[in-house]
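Numbering (the working numbering), first residue to last: 2 to 222. In this text, a Cβ means the ideal position worked out from N, Cα and C, and glycines have one as well. Working notes for the structure below.
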Ligand SMILES: [Fe+2]
Ligand SMILES: [Fe+2]
């Protein structure tokens, strides 16, 4: 058995290849960026959430591992990708010698990371979900060609800043977004992201925190 870390995963050409393939598939079918950039952001945010809330170092690392691997199933199909990501991650982590109990925690988190398709039943899952839904950003849009017709591209492109803050003392997890309303109205954000925000709120509640959302300094949740 080995102590597997995010660092080990990043050194693995096979893991990097899976992440690239998943993103390449999504690029071909017109989705926003879900590659190494997204994986690393979600990984570090998921770890940060549990670290700030004082979970053990190993739980923090497991959340970071789940963050890096959570979207690799997109190399098979976008549909049901939480399940395919979980199963692919299971193989990768077992190959690296991760103990079974840890593998199962990581795959459960990954398998439940999409709103409407999963339930939060432990802190690693909660942290992954919150981190994933916080990555709304202009840099995820691959081309400006579809801004006028694609609401996901438009809302992501309008988001010039996204930060997730954890206040352990007051137990509040806050997502702050800056949206350029010349590109997309705040209402459009809600049109596509309301279910994500509600899932984030439930995940925060699991961590015994309140969830707050600010857009352009106005509190909306
Ligand atoms: Fe996903
Ligand atoms: Fe994701």
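Margin query: With a threshold of 8 Å on Cβ separation, who are the neighbours of residue 30 within its own chain once the five nearest residues in sequence on each side are excluded?
Written below: 79, listed in sequence order.
Next item on the list: Put residue 139 into one of helix, strand or coil per three-state DSSP.
Entry: In the structure shown, residue 139 sits in a helix (DSSP, three-state: H, G or I).
Notebook entry, point to check: Taking residue 160 as the reference, which of 175, 110, 216 and 27 has the closest Cα?
Noted result: Among 175, 110, 216 and 27, the Cα nearest to that of residue 160 belongs to 216.
Check: Roughly how many whole angstroms lie between the Cα atoms of residue 85 and residue 21?
Finding: Taking C-alpha positions only, residue 85 is separated from residue 21 by approximately 16 Å.
Note to self: Between which two residues does the alpha helix (DSSP H) holding residue 27 run?
What the structure shows: For residue 27, the enclosing alpha helix (DSSP H) covers residues 14-29.
Next item on the list: Compare the Cα-Cα distances from residue 140 to each of 37, 16 and 6 and report the closest residue.
Entry: It is 37 whose Cα lies nearest to the Cα of residue 140.
Check: Can you pull the DSSP bridge partners for residue 163?
Finding: Its beta-bridge partners are 178.
Checklist line | Unbroken alpha helix (DSSP H) run spanning residue 90, endpoints | finding: For residue 90, the uninterrupted alpha helix (DSSP H) segment begins and ends at 82-96.
Item checked: Distance cut-off 6 Å: residue 133 Cβ against heavy atoms of ligand 2 -> Checking the Cβ of residue 133 against ligand 2 gives yes.
Margin query: Rounded to whole angstroms, what is the Cα-Cα separation between residue 126 and residue 87?
Written below: Each residue's alpha carbon lies about 12 Å from the other.
Note to self: With H, G and I counted as helix, E and B as strand and the rest as coil, what does DSSP make of residue 200?
What the structure shows: Taken through DSSP and simplified to helix, strand or coil, residue 200 comes out as helix.
Notebook entry, point to check: What's the C-alpha gap between residue 89 and residue 27?
Noted result: Spanning the alpha carbons of residue 89 and residue 27 requires a straight line of approximately 17 Å.
Note to self: Check whether the segment 33-51 and the segment 59-76 touch, using three or more Cβ-Cβ pairs below 8 Å as the test.
What the structure shows: Taking a cut-off of 8 Å for Cβ pairs, the segment 33-51 and the segment 59-76 touch, as three or more such pairs fall below it.
Margin query: Excluding the 5 residues flanking residue 155 on each side, which residues of the same chain have their C-beta closer than 7 Å to its C-beta?
Written below: Excluding residues within five positions, the ones whose Cβ falls inside 7 Å are 148, 184, 185 and 189.
Next item on the list: Give every residue of the same chain whose Cβ lies closer than 6 Å to the Cβ of residue 70, excluding the five residues on either side of it in the sequence, and list them in chain order.
Entry: Sequence-distant Cβ neighbours of residue 70 in its own chain, meaning closer than 6 Å and more than five residues away, are 90.
Note to self: Quick check on this structure: which residue in 208, 92 and 213 has the alpha carbon closest to the alpha carbon of residue 198?
What the structure shows: Residue 213 is the option with its Cα nearest to residue 198.
Notebook entry, point to check: Expressed to the nearest angstrom, what Euclidean distance is found between the alpha-carbon atoms of residue 75 and residue 115?
Noted result: A direct Cα-Cα distance of roughly 13 Å separates residue 75 from residue 115.
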